[in-house]
Structure formats: structure tokens, C-alpha cells
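One structure is given below, encoded as C-alpha cells.
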Amino acid sequence: MINRGGEMEVFVRVVEFGNFSVTARALRLSPSAISKLISRLEDRLGVSLMVRSTRGLTLTAEGEAFYDRAQKIVSEIEQSERLVTQTAEEVRGILRVNCNIPFAQHYLLPIVPDFLERHPGVTLDLVQTDLPVDLIYERADVAIRTGVLADSALKARRLLESARHVVAAPRYIARFGEPGSPSDLVNHNCLNFNIRRSLDVWPFERKGPEGADRLDQPVNGNIRVDNGETMRQMALAGLGLARLSDFHILPDIEAGRLVSVLEDYNPGDLEPIHALYVDHAHLANRIRVFIDFVVQALRHRRDRYLSRT
């Protein structure tokens with residue numbers, strides 16, 4: 405059933421074309437359907453809008469007044485549709501991105517200038533947090549998160565997979581020594597997270613002639629943080645051991661600011677990083693273009709992170 409806006413458009417087209425048959429062909433409807441729509445419109449309004457005769461159509465005074473207003477409304481609807489289509493094609497509008505702090509600090513922020521230079525019509529609204537986020541509640545277009553994803557109706561696009569390592573600053577090792585096995589961690593200060601998904605155990609593997617046995621080593625320490633970048637800073641300050649991903653700390657390891665420990669017991673697990681977004685049939689072009697841009701910008705980094713696994 406055609407709604408009121410549809411009825412109004414049909415009426416405007418009938419007036420413009422001058423008869424039902426031409427209007428029907430233009431709108432791909434039958435002449436009888438056009439006649440019924442006009443009659444229904446007149447019945448709903450309680451007035452006669454036009455007089456039909458063998459010589460054509462003549463608007464009544466009420467029809468003239470209704471056409472004047474309806475034509476403006478139909479024109480505004482058409483302009484609005486063109487604006488939305490043009491906006492989608494040009495990549496513009498507010499892009500709301502919610503990103504975990506380490507990824508934002510080390511990878512997203514350095515590539516933002518290039519993205520905005522390519523798409524000057526986009527306004528970036530960026531929130532940095534490691535806490536879980538509800539995209540719909542927070543009105544975010546994209547969320548970038550690390551770790552295994554929970555079951556969700558959200559669409560996910562994988563950006564990276566990164567190996568994880570237990571690390572410490574040289575000053576910490578000089579003061580407290582290097583752990584030789586996972587069980588030694590009971591005598592070390594292990595930095596941990598205070599967010600909901602964190603666990604007070606670190607996974608390891610004991611490799612032997614018959615295969616590898618998984619070890620879940622309880623850890624404890626005097627510092628708990630809510631994001632990976634703060635943990636990295638605490639580790640760099642020599643305050644304890646931390647288990648972090650290469651995408652976050654590899655430059656520190658290469659520069660000697662952090663040292664990997666317990667590598668013989670590394671389980672080789674990978675931390676995935678995804679871009680999450682609500683899957684729409686007509687996804688805004690700014691969202692699609694942004695995710696494609698991030699994927700392309702990170703492509704050359706992947707082998708570097710995985711080479712240490």
C-alpha cells in the first residue's frame with residue numbers, strides 16, 4: 405500500500421503530466437491504480453482536488469492549494485534523497501570510532517592524518533578505552549578490540565594477529581633476577597588487569613618428547629590497571645613483569661627497553677585484533693572506507709608480528 409508521501413507524489417505527477425495514462429506509464433502503475441489513489445486521497449481529505457473530463461484535468465481551488473504545498477514537499481524529499489546519496493558517495497560525515505588504547509596510540513593515531521587528508525569531508529570522533537563497549541548504546545560506528553570475540557550480532561573484520569610474551573625492563577631483571585620457569589613467578593611482581601575479562605593466571609607450555617603440556621600459572625602483583633598502555637608504562641618503569649602482545653611492545657624489545665623472559669615456555673597463542681561494526685544492508689561509505697584504509701595500512705606489519713611466534 406502506498407503511504408501518504410506516495411499518494412502526494414502521485415497527485416503531483418498527475419498534475420504535471422496532465423492525465424492518468426501518462427502518469428501511470430511514468431510510475432509503472434496501471435491507470436486504474438492511479439485513479440484509485442487519487443480517489444482515496446480525496447476521500448481522506450474530504451474534498452475534491454480535480455475535475456476529470458474528456459478535455460483533461462482541472463484543479464479545484466482546494467486542489468490548487470494542495471498541489472502548491474505537495475509539490476514543495478515532494479521536491480524536498482527528492483533533494484534529501486539526492487543529498488544522502490551524494491554524501492554516501494563522497495565519504496563524509498561524523499565517523500565515531502571506539503578503540504582500545506594501545507592500538508590507538510601506536511597504530512591508529514599515526515595513520516589518522518593520512519586518512520583525513522584523503523577524506524576531508526570526514527570528522528573523526530575518537531574514544532580510547534580498553535573497556536568493553538556497546539556500539540549501539542555508545543553510538544559508535546566502529547570499535548577496534550583485541551582478544552577473542554564474544555558471540556555477537558556485530559560484524560567483525562580481522563586486522564592483525566599478534567604473538568604474546570612475558571616481558572620485563574632490564575632494571576627489573578637486574579634487581580630481582582630473571583624467572584627460569586613459570587613456577588618462579590610466585591616470587592615476582594606480575595602486573596595484571598582489573599577489567600572483567602582478566603584472569604589471575606598466565607598460560608604456559610612445558611615441551612617434552614611426548615608433546616607439550618599446558619601450564620596455567622597463578623600470578624600476583626601490587627599493580628592492576630585498566631588498559632594495556634598503562635601496563636606497558638609500568639613495565640618500562642621496572643615495576644614488574646607483564647604479558648603483552650608484540651603489536652604493542654615489539655619496538656621496546658627491539659630497542660632493549662624490555663626483555664622477553666620464559667620463551668621456552670611460551671604457548672604460542674595469538675591475540676587477534678578486530679574492527680567491529682553493526683552490519684547494515686546499506687553500510688555508510690565512511691565506515692567501509694575507514695576499515696579498508698586501516699586494513700591496508702596494517703598489511704605490511706603482519707609478517708613482522710607473526711615472525712616471532
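Residue numbers (this note's numbering): 405 to 713. Where a beta carbon is used, it is the ideal one built from N, C-alpha and C, also for glycine.
- The DSSP-derived three-state label of Glu-411 is helix.
- The residue among Asp-588, Ile-653, Asp-534 and Gly-615 with its C-alpha nearest the C-alpha of Val-623 is Asp-588.
- For the pair Asp-534 and Asn-631, the CB atoms are nearer than the 8 Å cut-off.
- Of the candidates Glu-667, Arg-703, Asn-670 and Leu-640, Leu-640 places its Cα closest to the Cα of Ala-659.
- Per DSSP, the beta-bridge partners of Val-526 are Gly-497.
- Separation of Lys-440 and Tyr-471 (C-alpha to C-alpha, rounded to the nearest whole angstrom) is 18 Å.
- For Ala-567, the enclosing beta strand (DSSP E) stretches over residues 559-572.
- Straight through space, the alpha carbons of His-592 and Leu-687 are spaced by roughly 49 Å.
- Under the three-pair Cβ rule at 8 Å, the stretch 690-701 does not count as touching the stretch 570-583.
- The three-state reading of DSSP puts Glu-482 in helix, counting H, G and I together.
- As the crow flies, the alpha-carbon of Met-635 is around 17 Å from that of Arg-549.
- Here Thr-427 carries a helix assignment [DSSP, helix/strand/coil].
- DSSP places Leu-445 in the uninterrupted alpha helix (DSSP H) bounded by 435-449.
- Within the model, the alpha-carbon separation for Ile-442 versus Val-418 is close to 9 Å.
- Note that the C-beta distance between Val-570 and Val-629 is not below 8 Å.
- Linking Val-478 to Ala-437 through their CA atoms gives a straight-line distance of about 20 Å.
- Taking every protein chain shown into account, the CB of Thr-427 has 16 or more other CB atoms within 10 angstroms, so this residue is buried.
- Counting other Cβ atoms within 10 Å of its Cβ, Pro-583 reaches 16 or more and is therefore classed as buried.
- Leu-461 sits close to Asn-423, with the two beta carbons spaced by under 8 Å.
- For His-678, the uninterrupted beta strand (DSSP E) run begins and ends at 674-681, by DSSP.
- With 16 or more other Cβ atoms inside 10 Å of its own Cβ, Glu-413 counts as buried.
- Taking C-beta atoms as the reference points, Leu-643 and Leu-595 count as a pair closer than 8 Å.
- Leu-563 is not a Cβ neighbour of Ile-653, given a cutoff of 8 Å.
- Contact between Ile-691 and Val-546 holds, since their C-beta atoms are separated by about 6 Å, short of 8 Å.
- Of all alpha-carbon atoms in Leu-645, Val-537 and Leu-619, the one lying nearest the alpha-carbon of Tyr-681 is that of Val-537.
- Between Tyr-511 and Phe-608 a beta carbon distance of about 28 Å is seen, past the 8 Å cut, so the two are scored as non-contacting.
- Between Glu-466 and Val-451, the CB-CB gap stays under 8 Å.
- Comparing alpha-carbon positions, the option among Val-495, Leu-431 and Leu-513 lying closest to Cys-503 turns out to be Leu-513.
- The distance from the Cβ of Glu-482 to that of Arg-444 is about 23 Å, inconsistent with a contact at the 8 Å cut-off.
- Of the residues assessed, Asp-650 falls on the buried side of the cut-off, its CB having 16 or more other CB atoms within 10 angstroms.
- Secondary structure note for Leu-619: its beta strand (DSSP E) is the uninterrupted segment 615-622.
- Of the candidates Lys-476, Arg-647 and Arg-408, Arg-647 places its Cα closest to the Cα of Ala-567.
- When Pro-506, Glu-633 and Leu-645 are compared, the shortest CA-CA separation from Pro-586 is found for Leu-645.
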